[in-house]
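Every letter in the sequence shown is one number past the one before it in full-length UniProt numbering, and letter 351, counting from 1, is 351.
These notes concern the structure reproduced below.
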Amino acid sequence: MEKNPSGNSSFIRRSTCAPVSLYAHANTLTFCTLSTLSSMTSTTMLFSRGAQMTTTFASHHQNNNTFKSGKSSSIVTRRQGSTSSFTSQKLARKSRRTLKVNASSSSSVEKLRFLSPQEVKQVREEFGTPVYVYDLQTLKNQAESAKAFPNAYGLTVRYAMKASPNGSILKTFLNEGLHIDASSGYEVERAVKAGFTYDQISLSTQDFPDFFDRLVEKGLKVNACSLSQLEKFGEKFPGKEIGLRFNPGLGSGGTGKTNVGGPSSSFGIWYELLPKCQELVAKYNLKVERIHTHIGSGSDPAVWQKVSGMSLDLCEKFPDVVSLNLGGGYKVGRMSGEKSTDLSLIGEPVKVAFQEFAKRTGRELKLEIEPGTFLLANSCSVVSTAQDIVETGTSEGHTFIKLDCGMTEVLRPSLYGAQHPLINVTSQGELASKTKKYVVVGHCCESGDLMTPAPDEPETISERELGEINIGDLVVIEGSGAYCAGMSSKNYNTFPEAPEVMKTNEGEFKVIRKRQTVDQILANEVMI
């Protein structure tokens, strides 16, 4: 345990061993940083001549097992096999991409969202690092904005709870009048435990749970996402109400990995299978009350509007439909230069389309939307500590900042090449004045644990110009509300889950999830 210099015993740096990676063989320990080596004055160290230390950014989860620097695949290191090939480091240096982010204290590009520098320091003193910090007022403000989405005949806002399923967040949105979009039967049960009723929850899932019949009997709204799901539902519940999720044939997303529409997506019933779908509905005398489409997260507003029209055409094929769920996450700018979707701008044409549909058919459909990123993205900050600094040469290398968090807390950069603002706060709780270029990495023994990839290119190293960082300074990862705590590489390297904290309207910080312990990680293991 490491106590904060302030003497506050509640400050426990989780990664006591994070400043060093130890490769043990027999009685030999290899220390991977000079700062760690110099700090361990009472330890006798033996260095094995046969030990091989390889610095590489090559994730073994990638098919080609390579990691690129800049536009060229200039550094190629294969974990499977003994050969390594390197092209000119000078060419790599020339092609390296640098994201310019000014120092926070001057004409700042990236800045703290809802925490002050002193509050960042306070959070570490009270809870240690890393820690997720949510802002209650931002959550409420975003919920109000979503409820103002233009509509003609009524609106239901469903929180896509996979974005962050913490019970306190669910309860906040319940109190704001939101309903739930669930992606698994287990999410349904989690939402019910937070206070939602079954009829406030809509389930669209890739995998019908074994217990889905029990959920339906309690009032859950189910959307069949494939023909086999539709048949399975019909066999269990002939004559009952159901929703249908269609793949409209096109999609859009913030990245290719978040596009869930079109021929390369398995989500939903392919629109050209409509006749077969109608056959199954008739076979089991089902009442189709809802049509659901979803084109992706961070989707293009123009594509979203086009799919709205196509979805209304599908509604016309089923006379009992009373609501249309237009899924598709709205683009939220995390970086200061990124634009966010204007809900009123994309909503007005959709409202008109619903009105025209009513004139043509005599049916007034209710609109449903299911935001996740829109509600959460900029409602949370991850507070971390810069626990080490490593340099790999003066002209061809990088200066690496090693955080005490990583893909175990914020996976999006490693998975999508997503960009998150990084703000340095000194250990005294001040903003840095000078700047320097860094590559920021996480604490996992995993070469893909990279916080500063090139945009949409998780395999590509990119430098950021940040406020100058010293070991022990704080680094705040902004935009960490959606698909971070709920989509992390949980317990990789046996790192416990970080705590989650809510900043109240009164400025208090309240724990909404405790820091996990190693005993809790091991609780379900059975020794044989």
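In this text, a Cβ means the ideal position worked out from N, Cα and C, and glycines have one as well.
Subject >> V307 to T293 span [Cα, whole Å] >> reply: Rounded to the nearest angstrom, the two C-alpha atoms are 8 Å apart.
Subject >> Bridge partners - P275, DSSP secondary structure assignment >> reply: DSSP lists no beta-bridge partner residue for P275.
Subject >> For I521 and P496, believed in contact at Cβ under 8 Å, the rounded distance >> reply: That pair is a contact at about 6 Å.
Original post:
When the Cα atoms are used, what is the spatial distance from A146 to H179?
Top reply: C-alpha separation (whole angstroms): 12 Å.
**OP:** Please look up how many angstroms separate the CB atoms of E176 and A143, rounded, as I've assumed it's under 8 Å.
**Re:** About 4 Å separates the CB atoms of E176 and A143; that is less than 8 Å, so the two are in contact.
Subject >> Reference V439, options E409, S433, G448, closest by Cα >> reply: The shortest C-alpha separation from V439 is found at G448.
Original post:
Could you give the uninterrupted runs of the beta strand (DSSP E) lying entirely in the region 464–498, keeping only those of 3 residues or more?
Top reply: Within the region 464–498, the runs of beta strand (DSSP E) at least 3 residues long that lie entirely inside it are, in chain order, 474–477.
**OP:** Report the three-state DSSP secondary structure of D207 (helix, strand or coil).
**Re:** Looking at D207 - three-state DSSP - the assignment turns out to be coil, as it is neither helix nor strand.
Original post:
Which residues in the same chain have their Cβ closer than 7 Å to the Cβ of L312, if we skip the five residues on either side of it in sequence?
Top reply: Exclusion of the five residues before and after L312 leaves L324, A353, F357 as the residues of its chain whose Cβ lies within less than 7 Å of its Cβ.
Subject >> Contacting residues, own chain, Cβ-Cβ under 8 Å from R412 (five flanking each side not counted) >> reply: Here the set comprises A418, H420, Y483, C484, M487.
**OP:** If I'm right that I269 touches C225 with Cβ under 8 Å, what's the distance once you round it to whole angstroms?
**Re:** At roughly 7 Å, the Cβ-Cβ gap stays under 8 Å, so I269 and C225 are in contact.
Original post:
Just curious, the beta strand (DSSP E) that L422 is in, first and last residue?
Top reply: Unbroken beta strand (DSSP E) run through L422: 422–425.
Original post:
What residue range is occupied by the uninterrupted alpha helix (DSSP H) comprising L112?
Top reply: That residue, L112, is in no alpha helix (DSSP H); it is neither H nor E in DSSP.
Original post:
By Cβ distance below 6 Å, which residues in the same chain neighbour C380 in space, the five residues on each side in sequence not counted?
Top reply: Correct list, in chain order: Y132, Y134, S480, G481.
Original post:
Do you know whose CA, among L215, K287, P319, lies nearest P365's CA?
Top reply: Note that residue 365 is Leu in the sequence shown here, rather than Pro. It is P319.
Original post:
Just the Cα atoms here: how many angstroms apart are V222 and Q305?
Top reply: In this structure, the alpha-carbon of V222 lies about 25 Å from that of Q305.
**OP:** Can you give me the Cβ contacts of R49 inside the same chain, cut-off strictly under 8 Å, excluding the 5 residues immediately before and after it?
**Re:** The predicted position of R49 is uncertain, since its pLDDT is 31 and thus under 50; no value can be drawn from it.
Original post:
Name the DSSP bridge partner or partners of D449?
Top reply: DSSP, once it has assigned bridges, lists no residue as partnering D449.
Original post:
Should N166 be labelled buried (16 or more other beta-carbon atoms within 10 Å of its own) or exposed?
Top reply: Classification of N166: buried, given that the 10 Å Cβ count is 16 or more.
Original post:
Which residues share a DSSP beta bridge with E500?
Top reply: Its beta-bridge partners are Y132, R513.
Subject >> Separation of Q428 from S344, as counted between CA atoms >> reply: Computed Cα separation, rounded: 43 Å.
**OP:** Pair every Cβ in the region 154–170 with every Cβ in the region 186–198, then say whether three or more of these pairs are closer than 8 Å.
**Re:** The region 154–170 makes contact with the region 186–198: 3 or more CB pairs, one atom from each, lie closer than 8 Å.
**OP:** Can you grab the Cα-Cα spacing for the pair R334 / A163, in whole Å?
**Re:** So the alpha carbons of these two residues sit roughly 15 Å apart.
**OP:** Determine the burial state of N424: buried for a count of at least 16 other Cβ atoms within 10 Å of its Cβ, exposed for fewer.
**Re:** With 16 or more Cβ atoms within 10 Å of its Cβ, N424 is classed as buried.
Subject >> Pairwise C-alpha distance: N505 and T172 >> reply: Distance between the alpha carbons of T172 and N505 is about 13 Å.
Original post:
Are V476 and V383 closer than 7 Å when you measure CB to CB?
Top reply: Cβ distance < 7 Å, so V476 and V383 count as in contact.
**OP:** Could you pull out every residue in the same chain whose Cβ sits closer than 7 Å to the Cβ of E231, ignoring the five residues on either side in sequence?
**Re:** The residues are L280.
Original post:
Under a three-way DSSP split, which group does Y330 fall into?
Top reply: In the structure shown, Y330 sits in a strand (DSSP, three-state: E or B).
Original post:
Between E478 and M451, what straight-line distance do the alpha-carbon atoms span, to the nearest angstrom?
Top reply: Each residue's alpha carbon lies about 12 Å from the other.
Original post:
What do you get for N141, buried or exposed, if any count of 16 or more other CB atoms within 10 angstroms of its CB means buried?
Top reply: With a 10 Å radius around the Cβ and a threshold of 16 neighbouring Cβ atoms, N141 comes out exposed.
Subject >> E217 classed as buried or exposed, judged by whether at least 16 other C-beta atoms fall within 10 angstroms >> reply: By the 16-neighbour rule on beta-carbons within 10 angstroms, E217 is exposed.
Subject >> Rounded straight-line distance, which links the Cα of S266 to that of L227 >> reply: C-alpha separation (whole angstroms): 12 Å.
Original post:
Bridge partners of A224, per DSSP?
Top reply: In the DSSP output, where bridge partners are listed per residue, A224 has L244.
Original post:
Expressed to the nearest angstrom, what Euclidean distance is found between the alpha-carbon atoms of E525 and I201?
Top reply: So the two alpha carbons sit approximately 33 Å from each other.
Original post:
Got a sec? Which residues, its chain only, sit under 7 Å from R13 by beta carbon, not counting five neighbours each side?
Top reply: With a pLDDT of 38 at R13, under the threshold of 50, the predicted position of this residue should be treated as unreliable, though the coordinate-derived value follows. Counting only residues of its own chain and dropping the five nearest sequence neighbours on each side, R13 has a CB closer than 7 Å to the CB of E2, G128, T129, T385, D404.
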